[in-house]
Amino acid sequence: MKGRNKTRKGVITGVKLRGAEKMARIPLKIIPTVDPLRKP
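Our numbering applies: residue 10 is where the sequence shown begins, and numbers increase by one.
Here's what the structure looks like:
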């Protein structure tokens, strides 16, 4: 595919992904919050 990110490694069974690697596999756009929400 043309628009594919070539730096991403393939899925390896038994290896846990963390942080950005884990979020990159989820097909939703996650926008980090700039200001944390205030507790009620």
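For each residue, glycine too, the CB sits at the ideal point set by N, CA and C.
Residue of the options minimising C-alpha distance to residue i
i: Gly28; options: Arg47, Pro45 and Ile39; result: Ile39
i: Pro41; options: Pro49, Arg47, Met32 and Lys48; result: Met32
Beta-carbon separation (whole angstroms), residue i vs residue j, contact threshold 8 angstroms
i: Leu26; j: Arg34; result: 7 angstroms
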